[in-house]
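One structure is given here, and the rest of the page talks about it.
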């Protein structure tokens, strides 16, 4: 429960899970980051009542200091990752600014979405407002571009929900939903999570950019913002090429 713990005799504590038979006593203190418990600093001994309350206080102080150091390291790692993503976005923007062929632009957006989000698959659909459907234009996987054809009715898909609401949608259990697109890919690659980002230009949704993950996964806000920025860049480039 995020509190320091002292166990004088582990054999008398029903919560204790034996990892090593020789352990007789144990103490532990939480490692916290922004109020959340992210780990545990643990010390054990081969004799009963090896530790006192004063030992637990010292361990708790050590855990707090370790948490502070780890938080700093995680923050540096996050900032470095963000800086790399922003640099990649700038490079993509410059790259697409020099392109006029629609196919080149769509391929670039889809390929870079997969790379930046570190996902096994990415796809780009274009919206046909007259037919009220979405047509697959690009699909990328671990081996590069994949030839595939798919047309989805907007009313029958979570992707369509993103188009109708002009907002990102995350589906965390693809195999249990009514999503029928890419069925062979979804099942063969065990894809379980999908993040859909609308491609919007001047409040008009012109398509959707999707990324897929082979696990139950929650995209954090930073990842969603980065993919949203890429989608915005792509939408402008698509419109300029038309």
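In our numbering, the protein residues as written are 39 to 280. Note that beta-carbon positions come from the ideal geometry of N, C-alpha and C, so glycine has one too.
Taking C-beta separations shorter than 6 Å and ignoring five residues to either side along the sequence, the partners of residue 160 in its chain run 148, 151, 152, 178, 249, following chain order. In this structure, DSSP gives residue 259 a helical state, which the three-state scheme calls helix.
As the crow flies, the alpha-carbon of residue 198 is around 8 Å from that of residue 172. For the pair of segments examined, the region 96-104 was found to touch the region 63-78: the number of CB pairs separated by less than 8 Å reaches three.
In this structure, the beta-carbon distance from residue 212 to residue 229 falls below 8 Å. The C-beta of residue 203 has fewer than 16 other C-beta atoms within 10 Å across all chains shown, which makes the residue exposed.
Beta-bridge partners assigned by DSSP to residue 236: 246. Counting only residues of its own chain and dropping the five nearest sequence neighbours on each side, residue 85 has a CB closer than 8 Å to the CB of 62, 63. The secondary-structure analysis by DSSP pairs residue 82 across a beta bridge with 64. Within the same chain, Cβ atoms closer than 8 Å to the Cβ of residue 54 are found at 45, 48, 64, the five residues on either side in sequence being excluded.
Going by beta carbons, residue 274 and residue 223 fall outside the 8 Å limit.
Apart from the 5 residues on each side of it in sequence, residue 75 sits with its Cβ closer than 6 Å to the Cβ of 40, 68 in its chain, given in chain order.
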